[in-house]
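Please read the structure below before turning to the comments.
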Amino acid sequence: MIASIMPGVALMAAGLFLLILGMFSKVGASQSSETSSTPSSDLFGWISFLAIAIIWGVWASSASSTTVAADGLFRQDFVSYWGTHLSMLAGALFVLIVHGTTPRRFASEFHGCLLLLLSGLIVLAAANDLTTVFLGLELVSIPTTILLAMSRDDKAGLEAALKYFSLSALASSLFLMGASYLYGIAGTTSLDAIVAAATSEAAGPILPQVAMVLILASLAFRITAVPFHYYAPDVFTGTSLPMASLMAMIPKIAGFLAMIRLLGGSTLEVMPTSVYVSLATLALVTMIVGNVLALVQVDVKRLLAYSSVAHTGYLLLGVLACLTLSTSPGVVMIYLAAYLVMTAGIFGGLNTITGDPKVALSLNDLQGMSSRRPWITFAMTICLLSLIGVPLTAGFWAKFQILLTVVTASNVLLSTSAVVMTITAAIAAVYYLTMISKLYTVSESSVATQSVVNVRLSALACVACSALLVVWFFLPLKV
Amino acid sequence: MAEYFPILIYLVAVIGFAAVSLIMPHLVAPRKSTPVKDMPYESGMDVHEDARQPLDVKFYLMAILFLVFDVELLFLYPWAVSLKGEGGVPVDHRGPVFVVMMVFISTLGLAYVYAWKKGVFEWRPK
Chain A
9 MIASIMPGVA
19 LMAAGLFLLI
29 LGMFSKVGAS
39 QSSETSSTPS
49 SDLFGWISFL
59 AIAIIWGVWA
69 SSASSTTVAA
79 DGLFRQDFVS
89 YWGTHLSMLA
99 GALFVLIVHG
109 TTPRRFASEF
119 HGCLLLLLSG
129 LIVLAAANDL
139 TTVFLGLELV
149 SIPTTILLAM
159 SRDDKAGLEA
169 ALKYFSLSAL
179 ASSLFLMGAS
189 YLYGIAGTTS
199 LDAIVAAATS
209 EAAGPILPQV
219 AMVLILASLA
229 FRITAVPFHY
239 YAPDVFTGTS
249 LPMASLMAMI
259 PKIAGFLAMI
269 RLLGGSTLEV
279 MPTSVYVSLA
289 TLALVTMIVG
299 NVLALVQVDV
309 KRLLAYSSVA
319 HTGYLLLGVL
329 ACLTLSTSPG
339 VVMIYLAAYL
349 VMTAGIFGGL
359 NTITGDPKVA
369 LSLNDLQGMS
379 SRRPWITFAM
389 TICLLSLIGV
399 PLTAGFWAKF
409 QILLTVVTAS
419 NVLLSTSAVV
429 MTITAAIAAV
439 YYLTMISKLY
449 TVSESSVATQ
459 SVVNVRLSAL
469 ACVACSALLV
479 VWFFLPLKV
Chain B
2 MAEYFPILIY
12 LVAVIGFAAV
22 SLIMPHLVAP
32 RKSTPVKDMP
42 YESGMDVHED
52 ARQPLDVKFY
62 LMAILFLVFD
72 VELLFLYPWA
82 VSLKGEGGVP
92 VDHRGPVFVV
102 MMVFISTLGL
112 AYVYAWKKGV
122 FEWRPK
């Protein structure tokens, strides 16, 4: 077993430990209140935060991004290194946002499933075989469904969970169908051998294309690329605010890690042209549709769902450019990291507005926020500006580096995409600036200011994320 | 391709038969509805209540638990068959494979204890 999946194994052990601890704790016994901010029910949240922090720290002190090793099922390289950092970052931020809002009866299961889900991301980052890619994808999607379905007394939440469950089962079956074609071509599930076999004469021109298109469709569902994005706005709207932040972060990391793993071994010479063109089309349509549909949304969660679709488009363009140049996907990793911080910051801030994570939030509900919570409003403004990509925030570097890679790769398709990316990023400014202007509108009527849950850590996550985004601009990360 | 010609004829005949038998009744069949005819058909028996009854969730829990042990057995079989046979697990790999199997079995045991503690086996909760 190689070092790259050790943090995943440790997270899995911690997750199982939390589940066992839940069996013997008395917290679940009282069923009087579903959510509570008493210290006892947040115990599991703290344990899970500590577990993530300790495992992240221990692993980071010994790992390096340049070590390359493989043992058949797993590899250790650039992607596994940065993928593990991304997973830990997403996990730590999500635990802060969700603090105090976990269903009291299922507190141990909630955090146990969360740690299992993060271990799935790490398996995915280190996967070197079709079986481990699938294992990682399932280890992410099954706990995600469980987390979504935990709000049992909430009809909209259950509907969202069911919708996600059935569609993710469909996506998994598409992946398996594509994987079975690849196995049929190569006679093995090892990714290196598959690249060699798919390019040989014996495979013929059709089968590798069919396989890759099926797999790309499945991954496009995970990353919410148009036209596989339809579930995202509904799931975001139906579920609670913290869970919507999970849906924005985790499946996206999973999908892009799997995509980089599956396409990364193959350079452009071996990738069928049809797959290249369909990836580019996916990126173009995703950027345009995501940004344009976000313009007409009045529900904040729906708007953020379409904004997450739009960011998928930019990320896809980055993947495509890195494939064209045959470089390691550093720009994609940076964009994902910046996206995680921006999204966590904005959701953490929104969580403090209502105090009730289940309530629907329209754009007008944001009014008057600046007079009630001036500091959090300022932090949210920074996060929103970063989502636009204006200078003095990390979002600027993230977009700039992707655009630079795309222009460097310079073929007709990518140059066109670069133009579309610039235009759609300008369109995106409209709805993000609308949100900022609503935040600073003075208004008498507003949603309840009384918090039913403890939102102090959400507020902390929001402020910390915005600070990180500004610091990041002055100390840009180069990988 | 000539040797596939009979299959083409067969294909046309099959699709044609299905299409004709679907369309013809709509054109020529008489329609006289009686109360008995309009009853939902349920294996020849009289319908006595709504088909959509709530079913106790415990049945599903039992089914899932059955699956736990079913899958466990499925994975134990290859191990048992290939353990000492010819071309099976090499002698110096038997130790690690044994450890892996023990980890697998204890994970399932943990799932069993978890279900037990959650009260799945109490058919009527106290």
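Protein chains in written order, with the working numbering: chain A, 9 to 487; chain B, 2 to 127.
Backbone N, C-alpha and C define an ideal beta-carbon position, used for all residues, glycine too.
Note that the C-beta distance between residue 217 of chain A and residue 315 of chain A is not below 8 Å. When 8 Å is used as the limit between beta carbons, residue 115 of chain B is near these residues of chain A: 27, 28, 31, in chain order. For residue 68 of chain B, no Cβ of chain A is located within less than 8 Å of the residue's own Cβ. Secondary structure at residue 135 of chain A: strand, using DSSP grouped into helix, strand and coil. Interface flag for residue 75 of chain B against chain A is unset, since no Cβ pair is found closer than 8 Å. The stretch 63–74 of chain A makes no contact with the stretch 232–243 of chain A; the number of CB pairs closer than 8 Å stays below 3.
With contacts defined by Cβ atoms closer than 8 Å, residue 55 of chain A and residue 107 of chain A do not form a contacting pair.
Within chain A, no residue has its CB atom less than 8 Å from the CB of residue 109 of chain B, the nearest being about 12 Å off.
In the same chain as residue 301 of chain A, and ignoring 5 residues on each side of it, the C-beta atoms closer than 6 Å to its own belong to 314, in chain order. The stretch 244–262 of chain A and the stretch 343–358 of chain A touch, with no fewer than 3 CB-CB distances between them shorter than 8 Å. For the pair residue 220 of chain A and residue 279 of chain A, the Cα-to-Cα distance works out to about 9 Å.
The beta carbons of residue 357 of chain A and residue 391 of chain A sit closer together than 8 Å.
Close to chain B, meaning a Cβ-Cβ distance shorter than 9 Å, is no residue of the stretch 152–186 of chain A at all.
As DSSP reads the structure, residue 46 of chain B sits in a beta bridge with B:43. Identification of chain A residues near residue 118 of chain B by a Cβ-Cβ cut-off of 8 Å yields 31, 32, ordered along the chain. For residue 24 of chain A, the closest Cβ of chain B is nearer than 8 Å.
For residue 126 of chain A against residue 95 of chain A, the beta-carbon gap comes to about 5 Å, under 8 Å, which counts as contact. CA-CA distance, residue 21 of chain A to residue 19 of chain B, rounds to 57 Å. In the three-state reduction of the DSSP assignment, residue 84 of chain A falls in the strand class.
Counting along the chain, no alpha helix (DSSP H) covers residue 397 of chain A, and no H or E run does either. Residues of the same chain with a CB within less than 6 Å of the CB of residue 144 of chain A, apart from the 5 flanking positions on each side, are 128, 131, 132, 135 in chain order.
When the beta-carbon positions are compared, residue 243 of chain A and residue 297 of chain A stay at least 8 Å from each other. Judged by DSSP in its simplified three-state form, residue 364 of chain A adopts coil rather than helix or strand. It is roughly 10 Å from the alpha-carbon of residue 426 of chain A to the alpha-carbon of residue 329 of chain A. For residue 24 of chain A, the uninterrupted alpha helix (DSSP H) segment begins and ends at 14–32. Taking 8 Å as the cut-off, the Cβ atoms of residue 66 of chain B and residue 21 of chain B do not count as close. With fewer than 16 other Cβ atoms inside 10 Å of its own Cβ, residue 78 of chain B counts as exposed. In terms of CA proximity to residue 410 of chain A, A:430 leads the group A:379, A:430, A:103.
Residues 89, 90 of the same chain have their beta carbon placed closer than 8 Å to that of residue 83 of chain B, with the five preceding and five following residues left out of the count. Boundaries of the alpha helix (DSSP H) harbouring residue 193 of chain A: 163–194, taken from the DSSP string.
Take residue 61 of chain A, set aside five residues on each side of it, and the residues of its chain with a beta-carbon closer than 8 Å to its own are 100, in chain order. The stretch 155–173 of chain A and the stretch 189–207 of chain A do not touch, with fewer than three beta-carbon pairs separated by less than 8 Å.
The alpha-carbon separation between residue 256 of chain A and residue 80 of chain B amounts to approximately 41 Å. DSSP places residue 232 of chain A in no alpha helix (DSSP H); its state is neither H nor E. Secondary structure at residue 307 of chain A: strand, using DSSP grouped into helix, strand and coil. A Cβ-Cβ contact shorter than 8 Å links residue 156 of chain A with residue 247 of chain A.
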